[in-house]
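First the structure, in the form of structure tokens, and then the observations on it.
In full-length UniProt numbering, the protein residues as written are 1 to 426.
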């Protein structure tokens, strides 16, 4: 990648610019908007390419194939000091000729030296002599070439080499001391292949150290494996002991809950007592640990199905038959007591929701209440009303019947188990 110097005319003003090589194509300059991101970095990046939205303008290439931005900047400064007149043209034409002559001279010298090297007999012996005029003369009696055999003298004087063989003379060949030598010198490295040499002894010493490191590494790996195995065994035993301890605590909690409440509960008094006990956070957590196994904690279960199983574990159907969700205004249960209302058990309802939420993460508190209201207790009030009406009719027809109706409409000796109970609608 390289840079170019281009000339543009903007608002009757001649402007010189340094641009990457790809920014100019066939006399058209592509220029980024000044608000473009990383504008300064783009113009210094020789590999950057123009975008579609860049501005296009006509330009004249003043110089191209400049290797670096700094080189282009120096040359651009020189252009700026010289106006675009005959002086500028003359200056660069003169320098162009000098550069061409120098390149031609180097090519000629290189070709001449390569030809002589190809014909030179490297098996011959020569003698180097330093004379009084600081000339280096290589003398040899015989030089063998493809065409002739004869005496040859190679003289270096003031950077000019004179090669004399018969009547052949080559002038202006760069010397071996030139800053850019054509014949780079190479060193011959002689290696002592004796096994007792310092080099081989050093290699043996290095091999011994490497072997020792390998033994230490093997020991380290083996030790790590043993430590890892030991740690795994300790971790396994710790987990087992922890699991046993957790199970013991859980079993003790379950035993305490079971001994305190005989689930499923079969009377309203036990339900009232459970509501009071759930106010205790510790007891509530023990209850949760005991009943969480019904639905699990995966969060992807069916909440209503889990609710049906949970209620069957908590309450007997016969006691649930005695409740309605919000109560009824006309029906009275045995002994003249108003129908029991389940919505008042705030702690029990919250506990049921907590268990269902773990089993079904989409199940809400509102869904829990609606399930209890419409799928558990809704039919209870309807059945209770029908049963009361039936008992009243029987009492009117046969006053001596055992099941009588009081003056206030309350019916006595209503056996909850005598009526088919459908608590769940699965």
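Glycine included, C-beta positions come from ideal geometry on N, C-alpha and C.
Owing to the predicted nature of the structure, the values given are computational and were not obtained by experimental measurement.
In this structure, the straight-line span from the alpha carbon of residue 244 to that of residue 265 is close to 30 Å. Per DSSP, the unbroken beta strand (DSSP E) holding residue 8 starts and ends at 3–10. Assignment of residue 278 by DSSP, reduced to helix, strand and coil, places it in the coil class.
The secondary-structure analysis by DSSP pairs residue 360 across a beta bridge with 300. Listed in chain order, the non-local C-beta contacts of residue 268 below 7 Å within the same chain comprise 319, 322, 340, local neighbours out to five positions each way being set aside. No residue range can be given for residue 265, since it is assigned to no alpha helix (DSSP H) and is classified by DSSP as neither H nor E. Residue 14 places its beta carbon 8 Å or farther from that of residue 61. A straight line joining the alpha-carbon of residue 65 with that of residue 102 spans about 18 Å.
Taking C-beta atoms under 8 Å as the contact rule, residue 295 and residue 376 fail to qualify, at a distance of about 17 Å. Residue environment for residue 234: exposed (fewer than 16 other C-beta atoms within 10 angstroms of its C-beta). Within the same chain, 292, 295, 296, 297, 299 come within 8 Å of residue 358 by CB-CB distance, once the 5 residues on both sides are set aside.
Taken atom to atom, the span from the alpha-carbon of residue 379 to that of residue 312 is near 17 Å.
Buried is the label assigned to residue 50, since at least 16 other Cβ atoms lie within 10 Å of its Cβ. Under a 10 Å Cβ-count criterion, residue 227 is classified as exposed, with fewer than 16 other Cβ atoms of the shown protein chains found around its own Cβ. Assigned with DSSP and collapsed to three states, residue 63 falls in strand.
Residue range 13–20 is occupied by the beta strand (DSSP E) that includes residue 18. Only residues of its own chain outside the window of five on either side were considered, and among them 264, 265, 266 have a CB closer than 7 Å to the CB of residue 316, listed in chain order. Its chain contains no residue whose beta carbon lies nearer than 6 Å to that of residue 305 once the 5 sequence neighbours on both sides are disregarded.
Here residue 319 is not bridged, per DSSP, to any residue.
The continuous beta strand (DSSP E) containing residue 29 extends over residues 28–31. Counting along the chain, residue 367 sits inside the alpha helix (DSSP H) bounded by residues 365–371. C-alpha of residue 344 to C-alpha of residue 242: approximately 40 Å in a straight line.
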